[in-house]
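Take the position in the sequence shown, starting the count at 1, then add 810; the result is the number in my numbering.
Glycine is no exception: its CB is placed at the ideal position from the N, C-alpha and C atoms.
Take a look at the structure set out below.
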Amino acid sequence: MYNIINKSSIHRIQQITRKESAKSIKVAFQKDIPQILTVHWDGKLLPGLNVRDAKEERLPIFVAFSDREQLIGVPKLPNATVKEQAHAVWIALTHWCLETNVQILCSDITVSNTGHLNGACILLEQKLNREMLFFLCRHHIYELFLRSVFESKICEVAKSPDIPLFQVLRKNWKNVFKNIKSGKEHVKQHFNETEIKEMLVILEK
């Protein structure tokens, strides 16, 4: 005779296990915390945990130092306002007792984060009651180059993240050939080292 465990019991056990794991991770992390930490955050639109919500705004927050990093929260943001983001980061820091250790703020370069009056970085400075070093993610600068290409070559440019051209690519992504090698690997497949050196000499002339 088999003992059948219902879904509610499984869900309850999973919740208990996750809470215990989270507690042990937090305790282990707090044993060796340096005086200077960097806090990173970046909002993401993710599939909802509730089947009634197709998408929901989440804010992954983690702290980093040396070669280590620790996720400290992924809160749901009902409205995703600047104040809500800053408050969520502040709450995560206080829950982990890191508000005195964080000295550097790292985020993307959107106005919602970098605004000199009501940006999330400024609001966090106010909550922490001290000036912070802003270490902004320069990765987003490359988006400006990509946008310029689209504005130059494509008449219809939308500011919405749901760009029709990208939607077509996403739907057909499974059919796209992804085994693309770098140019260097392609050359090595067809030429030996001596031939490659000879070609480089010719190109340098």
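Next item on the list: Whole angstroms is fine: what's the gap from Gln936's alpha carbon to Pro888's?
Entry: So the alpha carbons of these two residues sit roughly 23 Å apart.
Checklist line | Trp851, DSSP secondary structure in three states | finding: Strand.
Next item on the list: Could you spell out the range, first to last residue, of the beta strand (DSSP E) harbouring Phe875?
Entry: For Phe875, the uninterrupted beta strand (DSSP E) run begins and ends at 871-875, by DSSP.
Next item on the list: Please report the Cβ distance between Leu847 and Val873, rounded to the nearest whole angstrom; I am assuming they are in contact, meaning their Cβ atoms lie under 8 Å.
Entry: Between Leu847 and Val873 a beta carbon distance of about 5 Å is seen, short of the 8 Å cut, so the two are scored as contacting.
Notebook entry, point to check: Helix, strand or coil: how does DSSP classify Gly993 here?
Noted result: In the three-state reduction of the DSSP assignment, Gly993 falls in the helix class.
Check: By Cβ distance, which residues of its chain are closer than 6 Å to His850, with the 5 residues on each side in sequence left out?
Finding: Close CB contacts of His850 within its chain, under the 6 Å cut and outside five residues either way in sequence, are with Phe872, Cys916 (chain order).
Checklist line | Selection from Leu908, Cys907, Lys893 that minimises the alpha carbon distance to Cys931 | finding: For Cys931, the nearest C-alpha among the options comes from Lys893.
Margin query: Using the three-state DSSP reduction, which class does Pro885 fall into: helix, strand or coil?
Written below: Under the three-state reduction of DSSP output, Pro885 falls in the coil class, being neither helix nor strand.
Checklist line | Distance between Gln895 and His853 (C-alpha atoms, nearest Å) | finding: Strictly speaking, residue 853 in this sequence is Gly, with His absent from that position. Roughly 8 Å between the two C-alpha positions.
Item checked: First through last residue of the beta strand (DSSP E) which encompasses Lys865 -> For Lys865, the uninterrupted beta strand (DSSP E) segment begins and ends at 865-868.
Check: Going by Cα to Cα distance, which pick from Gln913, Lys841, Cys947, Lys836 is closest to Asn939?
Finding: Cα-wise, what sits closest to Asn939 is Gln913.
Next item on the list: Identify, in the order they occur along the chain, each residue of the same chain with its Cβ nearer than 7 Å to the Cβ of Phe944, setting aside the five sequence neighbours on each side.
Entry: Cβ within range, chain order: Leu915, Cys931.
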